[in-house]
Amino acid sequence: MAGEVKTDTAKRVALIRHGEGYHNVNSRKLYLGWLWSSATRDTSLTATGEEQARSLQTTLQDDADHPLHKVQVVISSPLQRALQTTRLVFGEGLTPPRCVSPLHTERCILPCDRGRSPQEIASLFPDVKEWEGFDALEPVWWPKTRSEEFWPVDRVESFKRLLLSRSETSLAVVGHAGFFKCFAGVAMHNCEVLWVDVDSSGVRVVDCSAPLHANL
Numbered sequence: 007m008a009g010e011v012k013t014d015t016a017k018r019v020a021l022i023r024h025g026e027g028y029h030n031v032n033s034r035k036l037y038l039g040w041l042w043s044s045a046t047r048d049t050s051l052t053a054t055g056e057e058q059a060r061s062l063q064t065t066l067q068d069d070a071d072h073p074l075h076k077v078q079v080v081i082s083s084p085l086q087r088a089l090q091t092t093r094l095v096f097g098e099g100l101t102p103p104r105c106v107s108p109l110h111t112e113r114c115i116l117p118c119d120r121g122r123s124p125q126e127i128a129s130l131f132p133d134v135k136e137w138e139g140f141d142a143l144e145p146v147w148w149p150k151t152r153s154e155e156f157w158p159v160d161r162v163e164s165f166k167r168l169l170l171s172r173s174e175t176s177l178a179v180v181g182h183a184g185f186f187k188c189f190a191g192v193a194m195h196n197c198e199v200l201w202v203d204v205d206s207s208g209v210r211v212v213d214c215s216a217p218l219h220a221n222l
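Going by my numbering, the sequence shown opens with residue 7, and the numbers climb by one from there.
Below, the structure written as structure tokens:
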């Protein structure tokens, strides 16, 4: 039917976890450090996290055949650590169109996973105002309740539908360990890249050099 969203075209997706954030490093230290980071809203990257993102950018600059060069759009979570990672990795000439979506923000269990209003985001990162999806962000775009966030099935399914509704076949998604674990079933390290194929039947981890098939 006219107007229906086509969702049967497979997508090759690079999942990129953000660089190390202050909540990550403090959670590995004493309990009080973890408590501090947990109570800090929308934590940023550490110096190590920034270096991790720059290292991935350097890898792309040094390798013209890197599969991330084939990405047609980059979709970032609106949390600060994901936006910072996106801007660092896909800067300096590596500028596919960028998009922001709240659907794959981190599982909102702790204050560090609560975001900022669009106005606050724009004050920190003025260029993000030009990204696709920014104007659609609600004042409170992050999940408002914790009860469904330990395993956010509804958000995972909504995000799959978003990916499948897009015209691009090769996408990068910059996001978070908890959500990606729910989405792809894999625990990821900071700034790790995990390739998956997504179609209407599900999500499968793949070798990025493998051909993309219409059905998994």
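All C-beta atoms in this analysis are idealised placements derived from N, C-alpha and C, irrespective of residue type, glycine included.
Report task. Can you tell me which of Q63, S164, F140 puts its alpha carbon nearest to the alpha carbon of L100? Result -> One-based indexing of the sequence shown puts residue 100 at position 94. Here the closest residue by C-alpha is Q63.
**Report entry** Opening and closing residue of the beta strand (DSSP E) in which D205 lies
**Finding:** For the purposes of this step, residue 205 is taken as the residue at position 199 of the sequence shown. Segment 199–205, the beta strand (DSSP E) holding D205.
**Report entry** L74 versus G97: straight-line alpha-carbon distance, rounded
**Finding:** Counting from one through the sequence shown, the residue named residue 74 turns up at place 68. Counting from one through the sequence shown, the residue named residue 97 turns up at place 91. If I take the Cα positions, the gap works out to 13 Å.
Query raised in the report: Considering G208, what are the terminal residues of the alpha helix (DSSP H) in which it resides?
Result: For the purposes of this step, residue 208 is taken as residue 202 along the sequence shown, with counting starting at 1. Taken as a continuous stretch (DSSP letters only), G208 belongs to no alpha helix (DSSP H), being part of the beta strand (DSSP E) at 208–211.
Query raised in the report: Considering only the beta carbon of each residue, do L89 and F131 sit closer than 7 Å?
Result: Reading the sequence shown from its first residue, position 83 is the one you call residue 89. Reading the sequence shown from its first residue, position 125 is the one you call residue 131. Cβ atoms of L89 and F131: closer than 7 Å.
**Report entry** Cβ-based burial, K150 [other Cβ within 10 Å; buried from 16]
**Finding:** Residue 150 sits at position 144 when you count from the first residue of the sequence shown. So K150 ends up on the exposed side.
**Report entry** S176 in three-state terms, based on DSSP
**Finding:** Sequence index remark: in the sequence shown, residue 176 carries index 170 (1-based). Taken through DSSP and simplified to helix, strand or coil, S176 comes out as strand.
Report task. Quick one: using the 10 Å Cβ neighbour count with 16 as the cut-off for buried, is H24 buried or exposed? Result -> Position 18 of the sequence shown, counting from 1, holds the residue named residue 24. Classification for H24: buried.
Query raised in the report: What are the start and end residues of the beta strand (DSSP E) that includes V80?
Result: Position 74 of the sequence shown, counting from 1, holds the residue named residue 80. Start and end: 79–82.
Query raised in the report: For the 8 Å Cβ check, are there 3 or more pairs between the stretch 68–87 and the stretch 120–131?
Result: Segments in contact, yes.
Query - Proximity of I127 and C105 at Cβ, strictly below 7 Å - result: If you number the sequence shown from 1, residue 127 lands on position 121. If you number the sequence shown from 1, residue 105 lands on position 99. Judged by their CB atoms, I127 and C105 are not nearer to each other than the 7 Å cut-off.
Query raised in the report: Are the CB atoms of V209 and A190 nearer to each other than 7 Å?
Result: Looking up residue 209 in the sequence shown gives position 203. Looking up residue 190 in the sequence shown gives position 184. Yes, the Cβ-Cβ distance between V209 and A190 is below 7 Å.
Query - Exposure of W201, with buried meaning 16 or more beta-carbon neighbours within 10 Å - result: Translated into positions along the sequence shown, residue 201 becomes position 195. With 16 or more other Cβ atoms from the protein chains shown falling within 10 Å of its own Cβ, W201 counts as buried.
Query - Residue closest to G55, alpha-carbon to alpha-carbon, out of C197, A216, D203 - result: The residue labelled residue 55 in the question sits at position 49 within the sequence shown. Comparing Cα positions, the closest option is C197.
Query raised in the report: Between the C-alpha atoms of V179 and T46, what's the straight-line distance to the nearest angstrom?
Result: The residue you call residue 179 lines up with position 173 of the sequence shown. The residue you call residue 46 lines up with position 40 of the sequence shown. Straight across, the Cα-Cα distance linking V179 with T46 is about 24 Å.
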